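A.B. asks:
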Amino acid sequence: DTEVTQTPKHLVMGMTNKKSLKCEQHMGHRAMYWYKQKAKKPPELMFVYSYEKLSINESVPSRFSPECPNSSLLNLHLHALQPEDSALYLCASSSQASGVEQYFGPGTRLTVT
Amino acid sequence: RKEVEQDPGPFNVPEGATVAFNCTYSNSASQSFFWYRQDCRKEPKLLMSVYSSGNEDGRFTAQLNRASQYISLLIRDSKLSDSATYLCVVVNYGGSQGNLIFGKGTKLSVKP
């Protein structure tokens, strides 16, 4: 019943592959986020987009490249990942980027081989 | 001191029990507070916001104590379906941004 959708649900990729994760929200929210979550750890913020502009990059390696084509869509482009990048990647959205509640998508479970 | 600290548990309780979780935060300027629940291998889902006056939603009650910088969540009449990890979330503001700071979560297991 989430209104934030993510594709694919699962992704296995090699270290030389290029792939993209996609996120879409239909709530009219103006802020969107990427998080990374490892097992038994809380989500870690990667990127924040506010009004389609990148406003926060939490020192994420350049092998992760976010893109916000419009206010409803958020992509995360992946290239030359490492096995330690294997994790659950969560997208979230909120009505604005000022600390109001965020709503998460179901995540993409990524395995890098 | 970590920004947001929670007892990791696990809390193992029988059905019908009352269980309370506490969470402390280090930044006295924090302004918004939430509890999320996360089921195994699922996304975090907003459970409730936490207000200074306290708030209740059915069997769940959240309290905020700004002076002591802690947040609590009380679950009454526990159900099997309450089994999950409960994440305390604090929002710190910097400029126009408000970033969510997650605690490590408290695992609850409700047994029949």
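Residue numbers (the working numbering), protein chains in the order written: chain V, 4 to 116; chain Z, 56 to 167.
We put the beta carbon where it would ideally sit given N, CA and C, even for glycine.
These figures come from a predicted structure and were not determined experimentally.
1. Going by DSSP in three states, Z/Glu58 sits in which element: helix, strand or coil?
2. Whole angstroms is fine: what's the gap from Z/Asn147's alpha carbon to V/Tyr38's?
3. At a CB-CB cut-off below 8 Å, which residues of chain Z make contact with V/Leu48?
4. From Z/Glu58 to V/Leu93, what distance separates their C-alpha atoms?
5. Would the stretch 16-25 of chain V count as touching the stretch 45-53 of chain V if we require 3 or more Cβ pairs under 8 Å?
6. Leaving out five residues on either side along the sequence, give the residues of the same chain with a beta carbon under 6 Å from the beta carbon of Z/Asn67.
7. Just list the residues that DSSP pairs V/Ala90 with in beta bridges.
8. Quick one, which residues of the stretch 106-118 of chain Z are near chain V if we go by CB-CB under 7 Å, in chain order?
9. Since V/Ser101 and V/Met30 should fall inside the 8 Å C-beta cutoff, what is the C-beta to C-beta distance between them, to a whole number of angstroms?
10. If you drop the 5 nearest sequence neighbours on each side, which residues of the same chain put their C-beta closer than 7 Å to that of V/Glu27?
11. Any C-beta of chain Z sitting closer than 8 Å to the C-beta of V/Pro11?
12. Counting contacts by CB-CB distance shorter than 8 Å, is V/Phe67 in contact with chain Z?
13. Express the C-alpha separation of V/Lys44 and Z/Asn110 in angstroms, rounding to a whole number.
14. 8 Å is my cut-off, CB to CB: does Z/Phe89 come that close to chain V?
15. Please list, in chain order, the chain V residues whose beta carbon lies closer than 7 Å to that of Z/Leu142.
16. Whole angstroms is fine: what's the gap from V/Asp4's alpha carbon to V/Arg33's?
17. Give a yes or no on whether the C-beta atoms belonging to V/Gly110 and V/Leu84 are separated by under 8 Å.
18. Could you compute how far the alpha carbon of V/Pro69 sits from the alpha carbon of Z/Asp94?
19. Mind checking who V/His82 pairs with in its DSSP beta bridge?
20. Considering just the uninterrupted stretch of the beta strand (DSSP E) at Z/Lys165, what are its terminal residues?
21. For V/Thr114, collect the residues of the same chain with a Cβ closer than 6 Å to its Cβ; drop the 5 residues on either side in sequence, then sort them by chain order.
C.D. replies: The relevant details are as follows:
1. DSSP, reduced to helix, strand and coil, places Z/Glu58 outside both helices and strands of the structure shown, so it counts as coil.
2. When rounded, the distance between both Cα atoms is 17 Å.
3. Within chain Z, the residues Asn154, Leu155 have their CB atoms less than 8 Å from the CB of V/Leu48, given in chain order.
4. Approximately 22 Å, taken between the alpha carbons.
5. The stretch 45-53 of chain V and the stretch 16-25 of chain V do not touch, with fewer than three beta-carbon pairs separated by less than 8 Å.
6. The residues are Ser164.
7. In the DSSP output, where bridge partners are listed per residue, V/Ala90 has V/Leu113.
8. Hits within the stretch: zero.
9. About 16 Å; that fails the 8 Å criterion.
10. So the qualifying residues of the chain are Thr8, Ser75, Leu76.
11. Chain Z places no beta carbon closer than 8 Å to that of V/Pro11, leaving this residue out of the contacts.
12. Chain Z contact via Cβ: absent.
13. Rounded to whole angstroms, Z/Asn110 to V/Lys44 spans 27 Å at the Cα level.
14. So yes, Z/Phe89 belongs to the interface.
15. Residues of chain V passing the Cβ test: Pro45.
16. Since pLDDT at V/Asp4 reaches only 49, below the 50 mark, its modelled position is unreliable, and no value is offered.
17. Going by C-beta atoms, V/Gly110 is not nearer than 8 Å to V/Leu84.
18. Rounded to the nearest angstrom, the two C-alpha atoms are 27 Å apart.
19. Its beta-bridge partners are V/Lys21.
20. Reading the sequence as shown, one finds Val at residue 165 of chain Z and not Lys. Start and end: 161-166.
21. These residues qualify, in order along the chain: Val15, Ser89.
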